[in-house]
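Undergrad: Residue numbers (this note's numbering), protein chains in the order written: chain U, 892 to 1051; chain S, -7 to 262; chain P, 34 to 813.
Backbone N, C-alpha and C fix where the C-beta goes; we use that ideal spot for every residue, glycine too.
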Amino acid sequence: MKVQLTVNGEDRCDDVEPRLLLVHYLRQVLGLRAANVGCDTTSCGACTVLLNGESVKSCTVLTVQADGQEVTTAEGLARDDELHPVQAAFRQEHGLQCGFCTPGMVMAAIGLLAENPHPTETEVRQGLEGNFCRCTGYHNIVRAVLAAADMMSSAPEVAK
Amino acid sequence: MIPAPFEYARAESAGHALDLLAEHGDEAKLLAGGHSLLPMMKVRLAVPSMLIDIGALRELAGVAIDGDDLVIGAITRHAEVAGSDLVRAQAPLLAWSAAQVGDPQIRHRGTIGGSLAHADPAADLPMALTALGGSVELTGPAGRRTVTADDFFAGYFETSMEPDEMLTAVRIPRQPGTPWGYQKFTRRSNDWAIVGVAAVGGRVALANMGATPLRALAVEQALAAGAAPADAAALAAEGTEPGEDIHADRAYRQHLARVLTERALAHQAG
Amino acid sequence: MSILGTRVVRIEDPAFLTRGAVYTDDVQDEQLDGACHVFFVRSPLAHARINSIDLSAARDAPGVIAAYTAADLVDVPELAPMMAAVDQHMTQPLLAGDVVRYAGEPVAVIVTEQPYQGEDAAELADVDYDPLPVVVDMSDALRDDAPRLFPAAASNVAITFGDAATFDTGLFDGCEVVVTRTIENQRVAPAPMETRAAAAAWGQDGRLTAWIPNQGAQGTRAALAAMLGLDQSDVRIITPAVGGGFGAKFGADPEAGLVCLVAKRLGRPARWAESRNENLAGMTHGRAQRQTVTIGGSRDGTVQAYRLEVIQDCGAYPKIGTILPSLTLLMTPGPYAFPRAESAAVAVLTNTTPIGAYRGAGRPEATAAVERAMDLFAAEIGADPAQVRRKNLLPPFTEPHKTAFGAVYDTGDYAAALDKVLAAADYAGLREEQARRREAGEISQLGVGVSCYVEITGGGSEAGPPNENGTVEVHPDGRATILTGTSPHGQGHETVWAMLASQELGIPMDKITVKWGDTDLIPEGGGTGGSRSLQQGGAAVRQASLELIEVARQRAADRLEVSASDLVFDVGQSQFEVAGDPDAAVPLAGLAETERLFVRSVFSAPGPTFPFGAHVAVVEVDTGTGKVSLRRMITVDDAGTVVNPLLAEGQRHGGIAQGAAQAFLEEIIYDSDGNLLTASFADYPFLSATEVPSFELVDMATPTTYNPLGAKGIGEAGTIGSTPAVQSAVVDAVSHLGVRHIDMPTSPQRVWRALQAARAAAGPAAAGQTAAGPAAEEDR
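1) Taking contact to mean at least 3 C-beta pairs separated by less than 8 Å, is the segment 978 to 998 of chain U in contact with the segment 926 to 937 of chain U?
2) With a cut-off of 9 Å, does the C-beta of S:Pro96 fall near any C-beta of chain P?
3) Can you grab the Cα-Cα spacing for the pair U:Val1090 / U:Val997, in whole Å?
4) May I ask you to verify whether the segment 95 to 109 of chain P touches the segment 178 to 189 of chain P, counting CB pairs closer than 8 Å and requiring at least 3?
5) Are the segment 110 to 126 of chain P and the segment 161 to 173 of chain P in contact at 8 Å, needing three or more beta carbon pairs?
6) Just to confirm before moving on: does the CB-CB distance between P:Ala141 and P:Leu128 stay below 9 Å?
7) Please confirm whether P:Gly354 and P:Thr400 have their CB atoms less than 9 Å apart.
8) In the DSSP assignment, what are the bridge partners of U:Lys948?
9) Considering only the beta carbon of each residue, do P:His686 and P:Phe728 sit closer than 9 Å?
10) Counting only Cβ-Cβ distances shorter than 8 Å, please list the residues of the segment 82 to 108 of chain S near chain U, keeping chain order.
11) Under 9 Å, Cβ to Cβ, is there at least one residue of chain U near P:Ala457?
12) Between the segment 706 to 723 of chain P and chain S, which residues of the former have a C-beta closer than 9 Å to a C-beta of the latter?
13) Whose C-beta lies closer than 6 Å to the C-beta of P:Ala458 among residues of the same chain, with five residues either side of it excluded?
14) Would you tell me roughly how many angstroms separate the C-alpha atoms of P:Glu472 and P:Arg792, rounded to the nearest one?
15) Check the Cβ of P:Asn310 against every Cβ in chain S and list those closer than 7 Å, keeping chain order.
16) Nearest chain S C-beta to U:Ala1066 closer than 9 Å, yes or no?
17) Quick check on S:Arg195: does DSSP put it in helix, strand or coil?
18) Tell me whether P:Asn677 is buried or exposed, calling it buried when 16 or more other Cβ atoms sit within 10 Å of its Cβ.
19) Under 9 Å, do P:Tyr56 and P:Pro223 count as touching if we go by C-beta distance?
20) Does P:Asp161 pass the burial test, meaning 16 or more other C-beta atoms within 10 Å, or should it be called exposed?
21) Okay, do the segment 150 to 169 of chain S and the segment 687 to 706 of chain P touch, 3+ Cβ pairs below 8 Å being the bar?
22) For a quick check, are the C-beta atoms of P:Arg340 and P:Leu204 less than 9 Å apart?
23) Please state the DSSP three-state secondary structure of P:Ile356.
24) Which chain P residues sit within Cβ distance under 7 Å of S:Asn182?
25) Which chain P residues are close to U:Thr993, counting only those with a beta carbon under 7 Å from its beta carbon?
26) For the segment 374 to 381 of chain P against the segment 327 to 345 of chain P, do three or more pairs of beta-carbon atoms, one drawn from each stretch, fall closer than 8 Å, so that the two count as touching?
27) Alpha carbon to alpha carbon, how far is P:Leu257 from P:Asp286? Give it in angstroms, no decimals.
28) So the candidates are S:Met42, S:Pro(-5), S:Ala3; which of them puts its Cα closest to the Cα of U:Asp931?
29) Flag U:Asn1022 as yes if its beta-carbon sits less than 9 Å from any beta-carbon of chain C, otherwise no.
30) May I ask you to list the residues that DSSP assigns as paired with P:Asp161?
31) Where DSSP assigns a beta bridge to P:Val601, which residues make up the other side?
32) Between the C-alpha atoms of S:Asp156 and S:Ala66, what's the straight-line distance to the nearest angstrom?
33) What residues match up with S:Thr232 in a beta bridge as DSSP calls it?
34) Alpha carbon to alpha carbon, how far is P:Pro736 from P:Ala314? Give it in angstroms, no decimals.
35) For P:Ala597, which residues from the same chain have a beta carbon less than 6 Å from its beta carbon, with the 5 sequence-adjacent residues on both sides left out?
36) For P:Thr202, count neighbouring Cβ atoms within 10 angstroms of its own Cβ and tell me buried if that reaches 16, exposed if not.
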């Protein structure tokens, strides 16, 4: 069936099977492969994107459910060559190693900071409870999100 | 792991959804947030041949007051329930419970109606509804009826809803200022409860101690008779035949029920 | 100003963050255009005869191009066990033929046009199984009457190391105190975030190109070539970005071989990516040892003797896990100066997923065993566990120290590591707090666990002593390229190898490209595992850079018509200058103009190195529910010189988290029929961010003399130290209630059962009590 989505600011119109998961639409139809599939049980969050500005697990959203809506993926964050503050913080704090969980982790962090701009460490960990990482032990991911929160609250014009 | 193929229709209204349900019978399932149904479909434990998407029906979302009740539309997302000033004021246990479901991404999508209709005995909201003495509004071709939590959860992932009915709203008796306690025992924070306890207004409900959320009637009766919370809590496992799994055997689950009930009651007592 | 030792952020990251790295399932290549998709039908039973497989309905399903069973692969030999000493009857077919030996074993292949279609068609595969008796427990598998996985083999034993029959029956004579216990080092899932995948295309020339996530392309090529009966020269492995390996992505799994075969048969490229649920059953598992430790000594805390007996569960087919006990035995005494010690191991098959390497690969098991033994001994004599350790540690050494087990520890100061970590943790303060809570009978008890460890990194292989190659080339435009035989999958070699070359060549890092993992470009290499990469691969890059400078020096001398000894290399300017004549200079890049300027160098290490450390874990145990909360991890992990502290800390964090997760959270569970119960990320308790705190890392760097960098391997050290520290802390939290041991993972139920048992042993009055009162603050 026909769906119309706005993905990273670009309008798209495609014909998809009802069962096509949003993550596979992004990866296979649009070629946006930053979001990854890491599990079968909506557990790991590697597929996290923003749907209408809210973090969702795109493996558990049907593309048809997103019809008429806005999707933002990791590929849609950087402005020209400048990293989004959360991306910059992840690099600065070494919050990624193999990188597989990273796009989903970054989108979840952006969703978290949009709702809670000044989280405590505990709130960051709880806010990322749906995003698994095997490499970092979460230590530097937490540092990155806290650093991004500082960056974004002191420079409101780049907060979006 | 992806769902088996199915047909899909978007409902234009609640009435339209009911028409589609009637037309497609047992083979159709309603799709709200999809975070109870789609995970089951992805591992092919559920194979409906048609999904009727009601997720966009704004008329079925929102929180309002109706007399003595707090009324929450079935399509209201967990995040909205958790963050609602109205829910926090009128039934704070429910707001807390919704905030425990899964993780933030899940809470952005999952709905209260979907979760209740899914009727997982280990889930937060069925237990919370039971403790609060709430009820669900079911709408069908014959009209609307209200069913209490005690009567709604019929068995393991089973409700008393007819195949041609839709859960359209949730009603909670307003109880501002009523103390409450809530215990959700997990290995990891985004897990389902190994055992859960919710206590409010003299009612105590248990999660994952049976095929449905259970009322800890022995505890309630003891409290009503003036027993100290610690003594009442010792009765929490009475009448329960909890299942066994990789996290807990029967004896341990029953022990947890007692300990967690005591803690919920202690918090309730301030 | 040296760049080495500074916190350089990674070159890799901007691409990883903005577009995502390109993993195997992401690869777009014209050779893969029009690829078909491979899906596996897997056995639901742990042990069964296959009577028949009917794929006719599957073949008729939408989009199905072909479907194969073992009957279609009669010319493909079964895989022989990797080590010659392992029972050679125990061969593994690519697809199960007559019999399946573990739940999840592939039995058929379905090939479709679109990715979603394979799962649909697989449901129509009709496989007729005849169940056979199942053996899941490794001790049961050793019994004479155990179901046999390979009736042609003498038993289910794959290989033995040492021989318990030759043990000294008088080993513990003269010991005032002897304690023995059988403990579990449980099976866990490596669970990298990227599951397994493969893509294959055959050229017109008959050459195979395969994209496979791996930890060493050269080893993967060798494995694949052997599997398919090809010359290695006919196989090209390309390594895309790899989303974690942790030891489970070495070589090639049968599925990868089958993807290549499918592509050959159909004359069309083929792709495969497994789901997480397949991964949890299909990727090799880790650990899975049952250990009997016996420790004896005197009441003053001196250990006189230690014995370790290991049963290694191999799973259904002997893989790398089968031979890891040899490393466990090698590290039997750990950092301790035991006067007498002996060990032996038996590796046995069971109807479960095969066991492979998992971060630490045999060494965490040794440390966990000896640390548990030290705690049991300390408890028996009523002594402080840190004191008992201190008393028995080897004294510091700067000359290599050979143990009775044949390990040659290069450098070490184990007591200093212990002292540092105890100070950083405020050990005395922790014991005070613990005493206060015990006195008050609080629900939430504090536990403190201490571990000391030494581990072996950068060992050699059957191919020879430890070595690695590195090629450095300087281009006329001032850029440089590095080719390495290592195989990073998150460790940051792109950044660190560039640092090392930049340091010597004076070329800025952003002008240096690092390449690996393409066997056409780099036909030899040892890959990344055993924490070998920096100490061998990095050393090779540095060595090649220095040799390149000398080659360039001669060219510069010729060009400037001076003798080489008159030239000085100014790293800051990346140019050669005539001493005393600054105008006579030539840039390094200029010397690549007429002839390529590159050097391939092999760095050979004299042997493996031995990082060491000490960890303190602080836990709270809710004595009402048994739930463990990890509050603090304080660690010393000394792996010698640190080239990039930012990345070294990251390796420590990741290792600490995985090791802690084994201690209190993660385990693979089978039922007695061999069904995998922890079959998804909902059931397998994979560590999430809320279960661990931020870690407190203490710096300590005792260089090795084995390479010019002074570096040992850091990748696995954190895992090795943290597991026993956390387990120890949990037991410690409730030791005053009579608990001496709790097996890993210390799940709430296990802890609760231990408390119940201790109360029952203490007598009827104690047994009747239940913990009462409020618990942690975050509950309601």
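TA: So, from the listed chains and residues:
1) yes
2) For the purposes of this step, residue 96 of chain S is taken as the residue at position 104 of the second sequence. It does not; no Cβ of chain P falls within 9 Å.
3) Lying before the first or after the last residue shown, residue 1090 of chain U is absent from chain U, which here runs from 892 to 1051.
4) no
5) no
6) Translated into positions along the third sequence, residue 141 of chain P becomes position 108. Translated into positions along the third sequence, residue 128 of chain P becomes position 95. Yes; because the gap between Cβ atoms is below 9 Å, this pair is in contact.
7) Residue 354 of chain P sits at position 321 when you count from the first residue of the third sequence. Residue 400 of chain P sits at position 367 when you count from the first residue of the third sequence. No, the Cβ-Cβ distance between P:Gly354 and P:Thr400 is not below 9 Å.
8) By 1-based counting over the first sequence, the position of residue 948 of chain U is 57. U:Thr939, per the DSSP bridge assignment.
9) Position 653 of the third sequence, counted from the first residue, corresponds to residue 686 of chain P. Position 695 of the third sequence, counted from the first residue, corresponds to residue 728 of chain P. Contact: yes.
10) Gly94, Asp95, Pro96, Gln97, Ile98, His100, Arg101
11) Here residue 457 of chain P corresponds to residue number 424 of the third sequence, with the count starting at 1. Answer no: the Cβ-Cβ gap between P:Ala457 and chain U never drops below 9 Å.
12) Leu710, Thr711, Ser713, Ala715, Asp716, Pro718, Phe719, Leu720, Ser721, Ala722, Thr723
13) Here residue 458 of chain P corresponds to residue number 425 of the third sequence, with the count starting at 1. Taken in chain order, the residues that qualify are Val649, Ile667.
14) Within the third sequence, the letter at position 439 stands for residue 472 of chain P. Within the third sequence, the letter at position 759 stands for residue 792 of chain P. Going by the C-alpha atoms only, they are around 17 Å apart.
15) Here residue 310 of chain P is taken as the residue at index 277 of the third sequence, counted from 1. Ordered by position in chain S, the residues that pass the 7 Å Cβ test against P:Asn310 are Met(-7).
16) No answer is possible for residue 1066 of chain U: the residues shown for chain U start at 892 and end at 1051.
17) Position 203 of the second sequence, counted from the start, is the residue given in the question as residue 195 of chain S. Looking at S:Arg195 - three-state DSSP - the assignment turns out to be strand.
18) The residue labelled residue 677 of chain P in the question sits at position 644 within the third sequence. Flag for P:Asn677 reads buried.
19) To locate residue 56 of chain P, count along the third sequence from 1; it is residue 23. To locate residue 223 of chain P, count along the third sequence from 1; it is residue 190. Going by C-beta atoms, P:Tyr56 is not nearer than 9 Å to P:Pro223.
20) Numbered from 1 along the third sequence, position 128 holds the residue referred to as residue 161 of chain P. Label assigned to P:Asp161: exposed.
21) no
22) By 1-based counting over the third sequence, the position of residue 340 of chain P is 307. By 1-based counting over the third sequence, the position of residue 204 of chain P is 171. Yes, they are a contact pair.
23) Within the third sequence, numbered from 1, the residue matching residue 356 of chain P stands at position 323. In the structure shown, P:Ile356 sits in a helix (DSSP, three-state: H, G or I).
24) As a first step, residue 182 of chain S is located in the second sequence; it is residue number 190 there, counting from the start. Near S:Asn182 (Cβ distances below 7 Å), the residues of chain P are Ser721.
25) The count along the first sequence starts at 1 and reaches residue 993 of chain U at position 102. Near U:Thr993 (Cβ distances below 7 Å), the residues of chain P are Phe49, Leu50.
26) yes
27) One-based indexing of the third sequence puts residue 286 of chain P at position 253. One-based indexing of the third sequence puts residue 257 of chain P at position 224. Computed Cα separation, rounded: 8 Å.
28) Looking up residue 931 of chain U in the first sequence gives position 40. The candidate whose alpha carbon is nearest that of U:Asp931 is S:Pro(-5).
29) Considering every chain present, this structure includes no chain C. Its protein chains are U, S and P.
30) Counted from its first residue, the third sequence places residue 161 of chain P at position 128. Paired residue(s): P:Ser85.
31) As a position in the third sequence, residue 601 of chain P is number 568, starting the count at 1. Answer by DSSP bridge pairing, in chain order: P:Glu610.
32) As a first step, residue 156 of chain S is located in the second sequence; it is residue number 164 there, counting from the start. As a first step, residue 66 of chain S is located in the second sequence; it is residue number 74 there, counting from the start. If I take the Cα positions, the gap works out to 16 Å.
33) Taking the second sequence and counting its residues from 1, the one referred to as residue 232 of chain S is at position 240. According to DSSP, S:Thr232 bridges with nothing at all.
34) Counting from one through the third sequence, the residue named residue 314 of chain P turns up at place 281. Counting from one through the third sequence, the residue named residue 736 of chain P turns up at place 703. About 41 Å.
35) Here residue 597 of chain P refers to the residue found at position 564 when the third sequence is read from its first residue. Around P:Ala597: Arg586, Gln587, Ala590.
36) Position 169 of the third sequence, counted from the start, is the residue given in the question as residue 202 of chain P. Exposed, since its Cβ has fewer than 16 Cβ neighbours within 10 Å.
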